[in-house]
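First up is the structure itself, then whatever we jot down about it.
Protein chains: 2
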Amino acid sequence: MQELRGKIIADQIKGECLDFVGQYNGILPALAILRVGHKEADLSYERSIKKRFMDFGLEAKDYELPENVSNEEFQQVFDFINQDPEIHGILVMRPLPKQIDEAAMLRKMNPLKDLDGITDTNVAGVMRGDADAFAPCTAQAVVEILKGHQIEMAGKEVCIIGRSMVVGKPLSMLLLQENATVTVCHSKTEDLKAVTSRADILVAAIGKAKFISSGYVKEDATVIDVGINVDEAGNLCGDCDWDQIILKAGAATPVPGGVGTVTTAVLAKHLVQAAKLQMKLAPIDDSADEYLS
Amino acid sequence: MQELRGKIIADQIKGECLDFVGQYNGILPALAILRVGHKEADLSYERSIKKRFMDFGLEAKDYELPENVSNEEFQQVFDFINQDPEIHGILVMRPLPKQIDEAAMLRKMNPLKDLDGITDTNVAGVMRGDADAFAPCTAQAVVEILKGHQIEMAGKEVCIIGRSMVVGKPLSMLLLQENATVTVCHSKTEDLKAVTSRADILVAAIGKAKFISSGYVKEDATVIDVGINVDEAGNLCGDCDWDQIILKAGAATPVPGGVGTVTTAVLAKHLVQAAKLQMKLAPIDDSADEYLS
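First to last, the sequence lines map onto chains U and S. Numbers 1 to 293, taken from our numbering, label the letters of the first sequence in order. Numbers 294 to 586, taken from our numbering, label the letters of the second sequence in order.
So this is what it looks like as structure tokens:
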């Protein structure tokens, strides 16, 4: 069985990012991470982004607000980031506390800074198949892994387990764009095993540790594990039972070291795309080169 | 085999529309049909809408522009309709001629008047499963037919052939919301028959006369035919070969008299919803009743 490691894909993206920064010296693409409160999962994601972005030659600034911040204050900070021309992308750690008017934030958000594809413009753009629309980074990471490892999608049967706005739904649209035949399953699917074991490519985005055993997998299928869970022993694990999957699948992503690794890299790739799109709208004055360099 | 006629569903919707008009006398929900040029298909659709709306107690006004209208003039007419408080819904006959900036129109369009779900707000709302979002009328008509004829969707395997923004893609989202397991097929699907003949509910939105023979259909499946084509003899027909389908399916929609009949009724239903939503935002002054009645 082929282990589909994320690192090779992340390294390719790293190369593209460093090339961009080298070409446009003086323009440092900058991400704003907006976090309310101190959830450990958010802090851990933030640390991994900051470490990764440093390697990639990109900037990641954190904007931290207390758990009990007022909606007014939150919106002020958001407006500042959203309008700052030196911030090219925004990642909002969600869910936000109840007092925050998330819908109001989404209506204001500049779609060109919306790296995780949460605004209407990007959600609709992904459905239409617009090349410039930002898809949620995790959904995009699945496609990047398949493309990067030269796994054919066109005409193939892909089954996605999970119908969230972060993975299942947008990923189904991205895969249709790649000419796959796409099935979306979920908790209400009757006879899940029968459906998943037809798939040439199986994507698990369930959120249940080691849920997918070999009985769900077609012989020689490609298995993409989007889950990040903790098993009984306290170890990080995916939605798939790795020891069983490797006996049946033709290729599979490990957890950790698979989709998660690529997700942060896609965030970086989106930041560079966002910086390009924003510069296209407001072209750089050549004379600024002297000032910046 | 059960013939799933659209009329029974359209009659239910007619009842709801007449009830609304009866309750809110003085408020006449009005649709603006914006048409550029004289394509026969557009004219035929427009005639059927106007006839239907008259029966339903609703108003449909047509705004006709010549094929060579300038973009500036088109946008002026559009702005007028979009801002007119006595127009509650807009249907734009598409595709528009090349000189018209359709993207500019979509950015301006009031989502509450967007009865065919073409704005980003409604496209994204349908993907999120928002109850107030308008889906394209044809996609919604498929769900109305299944619901109206009490055909179970939850947990069932539904296969949609076609991935357009008018039917396939939004319908896949509506059916996920109904807890169906949804597969989307298209021209690049390998072994289409194998995929479609697994489906408990098969939706054909291909645009090829009589393409679907009995070999594509599972025994006793429900078949929904979205196609409107003309056969060699010049008669209206669907994407399914009716003579073959009836031997195998458990239930099927005829063409004409199936999905098409319900699509115009859904447009009427959406207009009433739009009028309600717009009144909610700007509540009616009670004193106006005397003036209006």
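Heads up, the beta-carbon is just placed ideally off N, CA and C, and yes, glycines get one too.
Neighbour-count burial assignment, residue i, 16 or more Cβ in a 10 Å radius
i	result
Q369/S	exposed
P192/U	Here residue 192/U is Leu; the residue named in the question, Pro, does not match the sequence. By the 10 Å Cβ count, L192/U comes out buried.
D120/U	buried
P429/S	buried
Q140/U	buried
F134/U	buried
E190/U	exposed
N239/S	In the structure as shown, chain S starts at 294 and stops at 586, and residue 239/S therefore has no counterpart that could be examined.
L95/U	It is Pro, not Leu, that sits at residue 95/U in the sequence shown. Exposed.
P170/U	buried
G520/S	buried
G551/S	buried
V230/U	exposed
F80/U	exposed
P66/U	exposed
I393/S	buried
M127/U	buried
G527/S	exposed
L540/S	exposed
E144/U	buried
Q273/U	buried
M398/S	buried
D220/U	exposed
S172/U	buried
Which of helix, strand or coil DSSP assigns to residue i
i	result
K280/U	helix
N364/S	helix
D289/U	Residue placement at D289/U is poorly supported in this model, since its pLDDT is 44, which falls under 50; the coordinates are not used for a value here.
L236/U	strand
K503/S	coil
K61/U	strand
T515/S	strand
L43/U	helix
V92/U	strand
A447/S	coil
V230/U	strand
H324/S	The question names His, but residue 324/S is Leu in the sequence shown. Three-state DSSP puts L324/S in a strand.
D11/U	helix
D114/U	strand
F509/S	Reading the sequence as shown, one finds Tyr at residue 509/S and not Phe. In the structure shown, Y509/S sits in a helix (DSSP, three-state: H, G or I).
S490/S	coil
Q268/S	In this structure chain S extends from 294 to 586, so residue 268/S is not present and cannot be described.
K269/U	helix
G129/U	coil
E343/S	A quick correction: the sequence has Lys, not Glu, at residue 343/S. The answer is helix: DSSP assigns K343/S an H, G or I state.
A135/U	coil
M466/S	helix
M398/S	helix
Q99/U	coil
T554/S	helix
I81/U	helix
N25/U	coil
D484/S	coil
T119/U	coil
F313/S	helix
For residue i, the residue or residues it bridges with in DSSP
i	result
C452/S	T476/S, L495/S
E3/U	A252/U
V143/U	In DSSP, V143/U forms no bridge with anything.
V36/U	L65/U
V167/U	V167/U is not bridged to any residue.
Chain U contact residues for residue i, given Cβ-Cβ distances below 9 Å
i	result
D348/S	Those do not exist, as D348/S stays about 34 Å from chain U at its closest Cβ, beyond 9 Å.
S490/S	The premise fails here: S490/S is roughly 12 Å from chain U at the closest Cβ pair, so nothing lies under 9 Å.
Under 8 Å from the C-beta of residue i: neighbouring residues of chain U
i	result
R421/S	V123, M165
K462/S	M127, M173, L176
Under 7 Å from the C-beta of residue i: neighbouring residues of chain U
i	result
A448/S	One point to set straight first is that residue 448/S is Gly, not Ala, in the sequence displayed. What G448/S touches in chain U: K188, T189, E190.
C478/S	T181
Neighbour list for residue i in chain S, Cβ cutoff strictly below 7 Å
i	result
D120/U	D413, T414, A417
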